[in-house]
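Participant: Following our numbering from start to finish, the sequence shown increments by one per residue and tops out at 385. Heads up, the beta-carbon is just placed ideally off N, CA and C, and yes, glycines get one too. Nothing here was measured: the structure is a model prediction, and the numbers come from that model.
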Amino acid sequence: MESALYIVPTPIGNLDDITLRAIEVLKNATMIAAEDTRHSKILLDKLGISGKKMISCHDHNEGERSELIISEVRSGGVVALISDAGSPLINDPGYRVVTICAEQGVKVVPLPGPCALITALEASALPTDKFMFCGFFPVKEKELTVVLESLKSADYTAVFYEAPRRIVDTMELMAKILPEHDVTLCREMTKTFESFYRLKAKDAPEFLKADPDRTKGEFVVAIGAVKQESYEVDPKIASAIEELIKTSPVKTVANVLASITGIKKNDLYNLALELKDKSN
Numbered sequence: 106m107e108s109a110l111y112i113v114p115t116p117i118g119n120l121d122d123i124t125l126r127a128i129e130v131l132k133n134a135t136m137i138a139a140e141d142t143r144h145s146k147i148l149l150d151k152l153g154i155s156g157k158k159m160i161s162c163h164d165h166n167e168g169e170r171s172e173l174i175i176s177e178v179r180s181g182g183v184v185a186l187i188s189d190a191g192s193p194l195i196n197d198p199g200y201r202v203v204t205i206c207a208e209q210g211v212k213v214v215p216l217p218g219p220c221a222l223i224t225a226l227e228a229s230a231l232p233t234d235k236f237m238f239c240g241f242f243p244v245k246e247k248e249l250t251v252v253l254e255s256l257k258s259a260d261y262t263a264v265f266y267e268a269p270r271r272i273v274d275t276m277e278l279m280a281k282i283l284p285e286h287d288v289t290l291c292r293e294m295t296k297t298f299e300s301f302y303r304l305k306a307k308d309a310p311e312f313l314k315a316d317p318d319r320t321k322g323e324f325v326v327a328i329g330a331v332k333q334e335s336y337e338v339d340p341k342i343a344s345a346i347e348e349l350i351k352t353s354p355v356k357t358v359a360n361v362l363a364s365i366t367g368i369k370k371n372d373l374y375n376l377a378l379e380l381k382d383k384s385n
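1) So, for VAL252: in the same chain, excluding its five sequence neighbours on each side, which residues have a beta-carbon less than 8 Å away from its beta-carbon?
2) Count the other CB atoms within 10 Å of the CB of HIS165; is the residue buried (16 or more) or exposed (fewer)?
3) Nearest-angstrom Cα distance between LYS247 and THR142?
4) Let's test the definition: count the other Cβ atoms within 10 Å of the Cβ of ILE365 and tell me whether it reaches 16, buried, or not, exposed.
5) Within 10 Å of its beta-carbon, does THR262 have 16 or more other beta-carbons around it, so buried, or fewer, so exposed?
6) Could you tell me the boundaries of the alpha helix (DSSP H) in which ASP274 lies?
7) With distances taken Cα to Cα, identify the nearest neighbour of VAL178 among ASP189, ASP339 and ASN133.
8) Could you tell me which of ILE147, THR115, ILE328 and ILE368 sits nearest to GLU254, measuring between CA atoms?
9) By DSSP, does TYR266 sit in helix, in strand, or in coil?
10) Can you tell me whether ASP260 is helix, strand or coil according to DSSP?
11) MET294 and ALA221 - do their beta-carbons sit closer together than 8 Å?
12) Quick check on this structure: which residue in SER258, VAL113, THR275 and HIS286 has the alpha carbon closest to the alpha carbon of ARG126?
13) Label ALA268 either buried or exposed according to how many other C-beta atoms from any shown protein chain fall within 10 Å of its C-beta, with 16 as the threshold for buried.
14) Exposed or buried, which one is LEU148 when buried takes at least 16 other CB atoms within 10 Å?
15) Out of curiosity, what's the CA-to-CA distance linking LEU216 and GLU129?
16) Could you spell out where the alpha helix (DSSP H) holding LEU362 opens and where it closes?
17) Would you check if the stretch 267-282 and the stretch 228-237 touch, i.e. whether three or more CB-CB distances between them fall below 8 Å?
18) Going by the C-beta, is GLU248 closer than 7 Å to any heavy atom of the ligand NAD?
19) Pop quiz: LYS307 and GLU285 are said to be a contact at Cβ under 8 Å. What is the actual Cβ separation, rounded to whole angstroms?
20) Figure out for me which residue from ILE195, VAL203, LEU362 and ILE368 has the closest Cα to the Cα of VAL214.
21) Roughly how many angstroms lie between the CA atoms of TYR266 and GLY210, to the nearest whole one?
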């Protein structure tokens, strides 16, 4: 196997979700850099992998560990970077290691595999063509309020992680700020009590409190965008747009007409794109 730093996703719950390629890298690794070596040993034992040189690599020692990893790769070794669960770097340690390795010209090989973010999106029944991952919700109410307020006019699905002890409080504030937004609460994914709760934000707090079991386990929260009402544009404006986009960029046309008519720039921009597509 080629000497490099391999980013190896591990299961987010069900240990059978590890890929064949991930197993091959772990078997051939001369060093495994793990977020928690004790936790990762459970997976390695299940895979029958033993006798590997392991080092801890977490938020507080990535800079120091990068030196060991670079030295190992440059001496011909194969280093596997793993986190406790899922894909390293995605709200997990690894970013600094990869950055430093890239800066030092050390080859980095990413492996596809389990990721709580993507798994939740797949099951959310919310639009997946445009989304934003935002990590964990802020703990402080003031900061959380700011984040939720920013989603009022979002045109994408927003995805957050949340701890079980905070899920009810978070949803109570969301119910006040984003009551009509569609929300999917993804709980204990790939595990025995995997659950997906699809409901309006305003109904989530009472739903969770109705059964204590519904708040157990780690959560991924997907928040849908409120559907925008279609805008009926004046035929004269549509005609003007058709003429203007023949000689001017769509964005410029939308900006100019928005300042003149008071119509939302996004509405004009989307209409201009539609008209341009039809003309083409």
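Facilitator: In short, the structure shows the following:
1) Here residue 252 refers to the residue found at position 147 when the sequence shown is read from its first residue. Within its own chain, the residues whose Cβ lies closer than 8 Å to the Cβ of VAL252, once the five positions on either side in sequence are excluded, are CYS239, PHE242 and PRO243, listed in chain order.
2) If you number the sequence shown from 1, residue 165 lands on position 60. A residue is called buried when at least 16 other Cβ atoms come within 10 angstroms of its Cβ; HIS165 does not meet this threshold and is exposed.
3) Mapped onto the sequence shown, residue 247 falls at position 142. Mapped onto the sequence shown, residue 142 falls at position 37. Rounded to whole angstroms, LYS247 to THR142 spans 36 Å at the Cα level.
4) For the purposes of this step, residue 365 is taken as the residue at position 260 of the sequence shown. Exposed, since its Cβ has fewer than 16 Cβ neighbours within 10 Å.
5) The residue given as residue 262 occupies position 157 in the sequence shown. Classification of THR262: buried, given that the 10 Å Cβ count is 16 or more.
6) Residue 274 sits at position 169 when you count from the first residue of the sequence shown. ASP274 -> alpha helix (DSSP H) spans 272-282.
7) On the sequence shown, position 73 is the one that residue 178 refers to. Comparing Cα-Cα distances from VAL178 to each of ASP189, ASP339 and ASN133, the minimum goes to ASN133.
8) Here the question's residue 254 lines up with position 149 in the sequence shown. The candidate whose alpha carbon is nearest that of GLU254 is ILE328.
9) Along the sequence shown, read from residue 1 onward, the residue named residue 266 stands at position 161. In this structure, DSSP gives TYR266 an extended state, which the three-state scheme calls strand.
10) Numbered from its first residue, the sequence shown carries residue 260 at position 155. Three-state result, ASP260: coil.
11) As a working note, residue 221 is residue 116 in the sequence shown. As a working note, residue 294 is residue 189 in the sequence shown. Taking 8 Å as the Cβ cut-off, ALA221 and MET294 qualify as a contacting pair.
12) In the sequence shown, the residue the question calls residue 126 occupies position 21. For ARG126, the nearest C-alpha among the options comes from VAL113.
13) Along the sequence shown, read from residue 1 onward, the residue named residue 268 stands at position 163. ALA268 should be labelled exposed.
14) The sequence position of residue 148 within the sequence shown is 43, counting from 1. Burial call: buried.
15) Mapped onto the sequence shown, residue 216 falls at position 111. Mapped onto the sequence shown, residue 129 falls at position 24. Distance between the alpha carbons of LEU216 and GLU129: 11 Å.
16) By one-based count along the sequence shown, residue 362 stands at place 257. That run of the alpha helix (DSSP H) goes 355-366.
17) The answer is no - the stretch 267-282 does not touch the stretch 228-237, with fewer than three Cβ pairs under 8 Å.
18) The ligand content of the structure shown is nil, which means the ligand NAD is not present either.
19) Counted from its first residue, the sequence shown places residue 307 at position 202. Counted from its first residue, the sequence shown places residue 285 at position 180. That pair is a contact at about 7 Å.
20) Residue 214 sits at position 109 when you count from the first residue of the sequence shown. Checking every option, the nearest Cα to that of VAL214 belongs to VAL203.
21) The residue given as residue 266 occupies position 161 in the sequence shown. The residue given as residue 210 occupies position 105 in the sequence shown. Distance between the alpha carbons of TYR266 and GLY210: 33 Å.
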